[in-house]
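Visitor: Numbering (this note's numbering), first residue to last: 1443 to 2163.
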């Protein structure tokens, strides 16, 4: 028996699958390079999922039965060379995946797909699953081996690929010319730019470690993968050309401010301490940390690869003691911003598999595959298919797998331990179910729109409800995949119910919604060098006249005002969240109503049409009185955003009003993709934050008291990244 350790995992792709990468990819609709990446990243995840399944008594029996019944394919090429080989492998994989991998059958495809079409990635993984099992059986591995030894081997693979390799890679990437470009984009110059970046990235990495040492925190970081990895080439280098585009720089900075607020309890204090250590202005220090955060995330996640949250958590924890050594000479004072070398937190329970009980006796109906174990299979080349059973006509070896698939679905329905808590996939008579792949069950989400994705019976119509209220409906595609835009939920725990109108299948899915959205709290240190109301890189007559920087404002909405070039279009952002656009009037003045900000300190940034920053100001909003009531609100209805605007996401709009509040319906064309009830707050204000995805989206606002009424407002927005 030989376990697939780190080296053997790479050899597995090369020797067993290597000659067949191109035909496997072709069968799945992927190119050779795309198929090779999916195999390289997906095989370890499949092995881990098999190991987790084999750790339960029923799963162990199912894995043993699959090992016993699959033919001994000498290679992937040999299996594909059989008549209808690809179709037979795919059919076997579709039968085995839901039984042996459970929900991971779908989440693995989501993890490794990246920009690839997920249905094609899922098809390739179905093709490879029976080949992986056949290869393991020929090596003499049993279900017990998968359960006991393989998880530790895979964990060691991640850790050995981790510490020095990744940290040295980050050090190399964030030095020299690249560091100078990043520092210059933040307002530093020359050697000061390089020195600032070399001091900043260990501080940010410390924040990533603190956030990601729990499995839930690591999952939140992985949820940002798509946004971060667009900043990195497939070879793992930063796309430094983006730093020459003012619009891209502003977009990255907006991402970074959201990231900083999730990494540090007080981003302003971190910014101030960092700025004092490296020199330069407080605004430069704030901008550098915001710019560098997403770049560092992209580099790190690209280097680590597609790993589960538990393994990323373990890897980040192993770096804690190395942070101090990453600081450049002369910046030892930044040690105060690093987490201590040994964490006081208890993280082992989040990243370490639970203690294993003694294996339960195997059911008599599923004996171990002794015939194959007793007769070792000699190595065979891809050109010697004689060792595989001759199959001309119906592949009879699929029959026991079909029985396993039916029995496995029955077992999965009766064994809650095989599906993650909080995401119960009820199965109908035909074994079809609704699964939610993204976001992960129990995930912590900001209070903004998100996209829910999963699988369900092809052609079914799904109704999605939030605590009993319908928020979306969607038709399942012919490949069994679906996705729906979900309107921003309110803070707190939400249970979404997804029902199939035709299949009768039903699933429940929980998320925890925190805060008011993806903003960041800043302090006046961020604008310490701005000199009053007109802040930032003022151009011409541009100025922010009110509120004054650092103003203390009462709860509720307020007006942001200033001057500029007549006819100029400006975009206003609150902590990186767009509040919409405003056009400078003929008299050179402009004004934008800010709807009901959350209590706390906020940074307001004004950009020109190209995304270049014109100025910033800060304001601290007081908390509403606890005994205030919105029951007597009788304000005239207002809406802060106008029809036809182009906005970046996320964005926020709202106003004031009367009654109990308003209902917002979200449409793409004529199709309703969701709705949300927005009650008035204690100041008679209302606010709706959205991240609907790129494209054209229409919002209709109606009074809560009369949801069938004609819309009070209809605005169609063009949404960019």
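Think of the CB as a built atom: it goes at the ideal place given N, C-alpha and C, for glycine as much as any other residue.
The model shown is predicted, which means the values in this text are computed figures rather than measured ones.
Could you tell me which whole alpha helix (DSSP H) segments of length 4 or greater appear in the segment 1602–1671?
Guide: If we require 4 residues or more, the alpha helix (DSSP H) runs fully inside the segment 1602–1671 come out as 1605–1615, 1618–1627, 1632–1654, 1657–1665 and 1667–1671.
Visitor: Buried or exposed: where does residue 1708 fall if 16 or more other Cβ atoms within 10 Å of its Cβ makes it buried?
Guide: Per the 10 Å Cβ criterion, exposed.
Visitor: Give the DSSP-derived three-state secondary structure of residue 1745 in the structure shown.
Guide: Three-state result, residue 1745: helix.
Visitor: Starting from residue 2155, trace the beta strand (DSSP E) both ways and give me its first and last residue.
Guide: It spans 2155–2162 - the beta strand (DSSP E) in which residue 2155 sits, taken as one unbroken run.
Visitor: Quick check: the Cα distance between residue 2162 and residue 1639, rounded to an integer number of angstroms?
Guide: Roughly 29 Å between the two C-alpha positions.
Visitor: From residue 1472 to residue 1563, what does the alpha carbon distance come to, in whole angstroms?
Guide: Approximately 8 Å, taken between the alpha carbons.
Visitor: For residue 1565, tell me which candidate among 1584, 1529, 1578 and 1576 has the shortest Cα-Cα distance.
Guide: That would be 1529, whose Cα lies nearest to the Cα of residue 1565.
Visitor: Threshold first: 4 residues or longer. Then list the alpha helix (DSSP H) segments lying entirely within the segment 1500–1526, N to C.
Guide: The qualifying runs are 1518–1523.
Visitor: Determine the extent of the alpha helix (DSSP H) in which residue 1918 is found, giving its start and end residues.
Guide: Note, residue 1918: premise wrong, no alpha helix (DSSP H); not H, not E.
Visitor: Quick one, are the C-beta atoms of residue 1991 and residue 2043 less than 7 Å apart?
Guide: No.
Visitor: Straight-line CA distance for residue 2150 to residue 1504?
Guide: The straight-line gap from Cα to Cα measures roughly 53 Å.
Visitor: Grouping DSSP H, G and I as helix and E and B as strand, with all else coil, what is residue 2124?
Guide: Note: residue 2124 maps to coil in three-state DSSP.
Visitor: For the alpha helix (DSSP H) that residue 1694 lies in, which residues bound it at each end?
Guide: 1688–1705 is the span of the alpha helix (DSSP H), which, as asked, contains residue 1694.
Visitor: Are three or more beta carbon pairs between the segment 2088–2095 and the segment 2011–2026 nearer than 8 Å?
Guide: Yes, the segment 2088–2095 is in contact with the segment 2011–2026.
Visitor: Give the straight-line distance between the Cα atoms of residue 1914 and residue 1907, rounded to the nearest whole angstrom.
Guide: Between residue 1914 and residue 1907, the C-alpha separation is close to 7 Å.
Visitor: Return helix, strand or coil for residue 2077, following the three-state DSSP convention.
Guide: In the structure shown, residue 2077 sits in coil (DSSP, three-state: anything other than H, G, I, E or B).
Visitor: Does residue 1802 pass the burial test, meaning 16 or more other C-beta atoms within 10 Å, or should it be called exposed?
Guide: For residue 1802, the pLDDT reaches just 40, beneath the cut-off of 50, and the residue's location in the model is therefore unreliable, leaving the point undetermined.
Visitor: With DSSP run on the structure shown, which of helix, strand or coil describes residue 2008?
Guide: Residue 2008 falls in the coil class under three-state DSSP.
Visitor: Considering only residues of the segment 1460–1498, which uninterrupted alpha helix (DSSP H) runs meet the minimum length of 4 residues and lie entirely inside it, listed in chain order?
Guide: For the segment 1460–1498, whole alpha helix (DSSP H) runs of length 4 or above, ordered along the chain, are 1463–1470 and 1474–1496.
Visitor: Have a look at the DSSP bridge pairing and note the partners of residue 1936.
Guide: In DSSP, residue 1936 forms a bridge with 1953.
Visitor: Do residue 1462 and residue 1519 have their C-beta atoms within less than 7 Å of each other?
Guide: In contact: residue 1462 and residue 1519 (Cβ atoms closer than 7 Å).
Visitor: Do residue 1767 and residue 1783 have their beta-carbon atoms positioned less than 7 Å apart in this structure?
Guide: Cβ atoms of residue 1783 and residue 1767: not closer than 7 Å.
Visitor: Starting from residue 1984, trace the alpha helix (DSSP H) both ways and give me its first and last residue.
Guide: First-last for residue 1984: undefined, no H or E at that position.
Visitor: Looking at C-beta atoms only, is the number of pairs between the segment 2029–2041 and the segment 2073–2090 that lie closer than 8 Å three or more?
Guide: The answer is yes - the segment 2073–2090 touches the segment 2029–2041, with three or more Cβ pairs under 8 Å.
Visitor: I'd like the list of long-range same chain contacts for residue 2155, defined as Cβ closer than 6 Å, with 5 residues on each side in sequence excluded.
Guide: Cβ neighbours of residue 2155 beyond the five flanking positions: 2081 and 2143.
Visitor: Give the secondary structure of residue 2109 by DSSP, where H, G and I count as helix, E and B as strand, and everything else as coil.
Guide: Strand.
Visitor: Can you give me the C-alpha to C-alpha distance between residue 1631 and residue 1673, rounded to a whole angstrom?
Guide: Whole-angstrom Cα-Cα distance: 22 Å.
Visitor: By a C-beta neighbour count over all protein chains shown, 10 Å radius and 16 as the cutoff for buried, is residue 1633 buried or exposed?
Guide: With fewer than 16 other Cβ atoms within 10 Å, it is exposed.
Visitor: Rounded to whole angstroms, what is the Cα-Cα separation between residue 1671 and residue 2078?
Guide: If I take the Cα positions, the gap works out to 45 Å.
Visitor: Comparing C-alpha positions only, which one of 1489, 1460 and 1491 sits nearest to residue 1479?
Guide: The shortest C-alpha separation from residue 1479 is found at 1460.
Visitor: Identify the residues that DSSP records as bridge partners of residue 2025: which are they?
Guide: In the DSSP output, where bridge partners are listed per residue, residue 2025 has 2011.
Visitor: Output the distance between the C-alpha atoms of residue 1865 and residue 1952, rounded to the nearest integer angstrom.
Guide: In this prediction, residue 1865 has a pLDDT of 41, which is less than 50 and means its spatial position is unreliable; what the coordinates show is noted afterwards. Taking the straight line from one Cα to the other gives about 7 Å.
Visitor: Considering only the alpha carbon of each residue, which of 2133, 1955, 1712 and 1927 lies closest to residue 1777?
Guide: Among 2133, 1955, 1712 and 1927, the Cα nearest to that of residue 1777 is on 1712.
Visitor: Check whether the segment 1618–1625 touches the segment 1749–1762, counting contact only when three or more Cβ pairs, one atom from each stretch, lie closer than 8 Å.
Guide: Touching, no, given that fewer than three Cβ pairs across the two stretches are closer than 8 Å.
Visitor: At what residues does the beta strand (DSSP E) containing residue 2055 begin and finish?
Guide: Run containing residue 2055: 2055–2063, per the beta strand (DSSP E) assignment.
Visitor: Could you spell out where the beta strand (DSSP E) holding residue 2089 opens and where it closes?
Guide: Residues 2088–2090.
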